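Our numbering numbers the first residue of the sequence shown as 110 and each following residue consecutively.
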Amino acid sequence: MSALPKAGFPHVMMAAARITAAPGRAAAKQLRTHSSTASRPTGSTSRNTAAVAALGVVAAGSALILYGSSSDSRKVHCEASSGAATAKGSNYAYSYTKDGRATTGRSGAPDISHLNLSDINDTSKPMRVRMESYIKELQHRIVTALGAEEVEGHFIVDSWLRKEGGEGISCVLQDGKTFEKAGVNISVVHGKLPPAAIRQMSADHAGLQERTSYKLDGPDAEVDGLPFYAAGLSLVVHPANPFAPTVHFNYRYFELTHPPTLKDGSPNPRYVEAKANGTEQEPVAWWFGGGTDLTPIYLFEEDAKHFHQTLKTAADSNDPAFYPAWKKWCDDYFLIPHRKERRGVGGIFFDDLTLPDSTLSISSGKNAAQRTSFIPLSDGKKGAAAAARGPITSSEQHGKESLFRTVRSMGDAFLPAYLPLLQRRKSTPYTEAHERWQALRRGRYVEFNLVYDRGTKFGLQTPGARIESILMSLPLKARWEYMEKYSGAGWAEVDAEDREGSEEAKTQKVLREPKEWV
110 MSALPKAGFP HVMMAAARIT AAPGRAAAKQ LRTHSSTASR PTGSTSRNTA AVAALGVVAA
170 GSALILYGSS SDSRKVHCEA SSGAATAKGS NYAYSYTKDG RATTGRSGAP DISHLNLSDI
230 NDTSKPMRVR MESYIKELQH RIVTALGAEE VEGHFIVDSW LRKEGGEGIS CVLQDGKTFE
290 KAGVNISVVH GKLPPAAIRQ MSADHAGLQE RTSYKLDGPD AEVDGLPFYA AGLSLVVHPA
350 NPFAPTVHFN YRYFELTHPP TLKDGSPNPR YVEAKANGTE QEPVAWWFGG GTDLTPIYLF
410 EEDAKHFHQT LKTAADSNDP AFYPAWKKWC DDYFLIPHRK ERRGVGGIFF DDLTLPDSTL
470 SISSGKNAAQ RTSFIPLSDG KKGAAAAARG PITSSEQHGK ESLFRTVRSM GDAFLPAYLP
530 LLQRRKSTPY TEAHERWQAL RRGRYVEFNL VYDRGTKFGL QTPGARIESI LMSLPLKARW
590 EYMEKYSGAG WAEVDAEDRE GSEEAKTQKV LREPKEWV
């Protein structure tokens, strides 16, 4: 065995939290029964807070986070086959199994029989319709594939409706034989984004305020916000076997459109003109974002190479310039500065994938989807570092259609990139020492997500945020040891032979010094 596990926005992470009743706790642990509950926080959420919360679904970084409130409207159907009792609250319903644990929702994979999957390739349909159909189909595909790898549990499917506009589906599996914890979640939300949220979002989306072309501040502000739409799919998988790697991905789409009226209540001339042309739903600004990254506990170089090669092949099929820039961005984004190491072996990461302002002309009309140009790319560097590096551009011309195709290529590459690794490693024999190292590496995952991940930090600072959703990416178990010799301050005391020979040390070396895998 050669040496042998974000993250940020917008992520859509609707989590189901495990609730264990005292009488059945020991038995549940012994039998490794799998169930989960999904709760909805109470309390009021203002329109402004709800809009800022929606910003958390689209602007942060490595994961999509959905923030719910008492305004969430949901109808849960509990279908526990061995349920002994049912309890209902104002925001949730639990069905308790005989061993004292609780479940909510239904098991299996989300139902997509109502979807018109031809919408995905129908260029006459709005991008919001196409993206929603795509992520729902991809969620179903992934949950079905992952579920086939689990023999002792199943995904709980938790559907919800947002009163202000939108819906989501959370699919979560915990305490399985293959999966310690796995979540595959989508969120499709819309509403009004206030000026403060637009300004905050501009920090990661250069020129956004200029792109909207509305005066947002001061006594002569034209609007009190802009209609937004956000759709995303986010996934985190923590396998039970220490030799099977953790994986994370999310892909998302966000847009702002013209408001029908101005702040003073008068008709918005730009909306009126657009409606006359049949383009009132055409975005003022839009972009895609996302990424996929791998976090091994023990490094198998062949696994890392396969993972990166699969992503590179998918990216190269759309533009050879994508993978090098996005691979570098991923390595830098998942850095844990206080540890001077990366969370894992990377993958790809990108945000603000859109067309130049000149191509995004508001008056572009019905032919906007056919307009193309070379597009600026980023490797995550900003300011002086970006200036020193110089501009990065695509090697091909792109339009909105080709960028959507790129996102689909990367989403479709997930199962071919990850599933062979899981299948190869999930049954590898392991010891308590391997589990201990796994828990230590899980601790690093927790450190990054709670301290540095943009989406997690944004969510925890947002009033009315759904903590269960925000923290769904965290593993069930993690460990911190004082002066641990491979990953902590005890490294200075490790002898040269151990530094070079142990699998833990080999893994740490790659995390401290990222390498090119393909």
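From the three backbone atoms N, C-alpha and C, an ideal C-beta is built for every residue, glycine too. Quick caveat, the model's predicted, so the values are computed rather than measured.
For residue i, three-class secondary structure by DSSP
| i | result |
| --- | --- |
| residue 373 | coil |
| residue 186 | The pLDDT assigned to residue 186 is 33, lower than 50, so where the model puts this residue is not dependable; a value taken from the coordinates is nonetheless given after this. Coil, per DSSP. |
| residue 292 | strand |
| residue 366 | coil |
| residue 301 | strand |
| residue 627 | coil |
| residue 587 | coil |
| residue 410 | helix |
| residue 467 | Any answer about residue 467 is weak, because its pLDDT of 46 lies below 50 and its placement is not dependable; what the coordinates show is given next. It is coil, neither helix nor strand. |
| residue 504 | coil |
| residue 630 | Residue numbering for the chain in the displayed model covers 110 to 627; residue 630 lies beyond these limits and cannot be assessed. |
| residue 358 | strand |
| residue 484 | coil |
| residue 534 | helix |
| residue 448 | coil |
| residue 418 | helix |
| residue 388 | coil |
| residue 489 | coil |
| residue 425 | helix |
| residue 705 | Residue 705 is absent from the model: the chain starts at 110 and stops at 627. |
Residue i classed as buried or exposed, judged by whether at least 16 other C-beta atoms fall within 10 angstroms
| i | result |
| --- | --- |
| residue 328 | exposed |
| residue 248 | buried |
| residue 70 | Residue 70 is absent from the structure shown; the chain starts at 110 and stops at 627. |
| residue 386 | exposed |
| residue 233 | exposed |
| residue 415 | buried |
| residue 186 | Here residue 186 scores only 33 on pLDDT, less than 50, and its place in the model should not be relied on; the value that follows carries that caveat. By the neighbour-count rule (16 or more Cβ atoms within 10 Å), residue 186 is not buried but exposed. |
| residue 624 | exposed |
| residue 231 | exposed |
| residue 191 | Confidence in residue 191 is poor, its pLDDT being 32 and thus under 50, which makes the residue's placement unreliable; the coordinate value appears in the next sentence. Counting Cβ neighbours within 10 Å, residue 191 comes out exposed, since fewer than 16 surround it. |
| residue 226 | exposed |
| residue 85 | In the structure as shown, the chain starts at 110 and stops at 627, and residue 85 therefore has no counterpart that could be examined. |
| residue 531 | buried |
| residue 220 | exposed |
| residue 88 | The chain is shown only over 110 to 627; residue 88 falls outside these bounds and no answer can be derived. |
| residue 446 | exposed |
| residue 585 | exposed |
| residue 375 | exposed |
| residue 522 | buried |
| residue 316 | exposed |
N-terminal and C-terminal residue of the alpha helix (DSSP H) that residue i is part of
| i | result |
| --- | --- |
| residue 441 | 431-442 |
| residue 521 | 509-521 |
| residue 402 | Note, residue 402: premise wrong, no alpha helix (DSSP H); beta strand (DSSP E) at 394-404. |
| residue 554 | 541-560 |
| residue 492 | 492-498 |
| residue 593 | First-last for residue 593: undefined, no H or E at that position. |
| residue 578 | 576-579 |
| residue 218 | No alpha helix (DSSP H) contains residue 218, which DSSP labels as neither H nor E. |
| residue 382 | 378-385 |
C-beta contact flag for residue i and residue j at 8 Å
| i | j | result |
| --- | --- | --- |
| residue 282 | residue 354 | no |
| residue 325 | residue 393 | no |
| residue 442 | residue 489 | yes |
| residue 357 | residue 288 | no |
| residue 293 | residue 265 | no |
| residue 302 | residue 331 | no |
| residue 298 | residue 241 | no |
| residue 270 | residue 451 | no |
| residue 399 | residue 448 | no |
| residue 537 | residue 363 | no |
| residue 345 | residue 582 | yes |
| residue 503 | residue 430 | yes |
| residue 377 | residue 515 | no |
| residue 256 | residue 306 | no |
| residue 424 | residue 438 | no |
| residue 349 | residue 367 | no |
| residue 337 | residue 300 | yes |
First and last residue of the uninterrupted beta strand (DSSP E) at residue i
| i | result |
| --- | --- |
| residue 615 | No beta strand (DSSP E) contains residue 615, which is instead part of the alpha helix (DSSP H) from 612-621. |
| residue 461 | 455-462 |
Kindly provide the ranges of any alpha helix (DSSP H) runs that are 4 or more residues long and lie completely inside the segment 229-287, ordered along the chain. Counting only runs of 4 or more, we get 236-256.
Ignoring anything shorter than 3 residues or poking outside the segment 309-354, list the beta strand (DSSP E) runs there in chain order. Segments of the beta strand (DSSP E) lying fully in the segment 309-354: 335-348.
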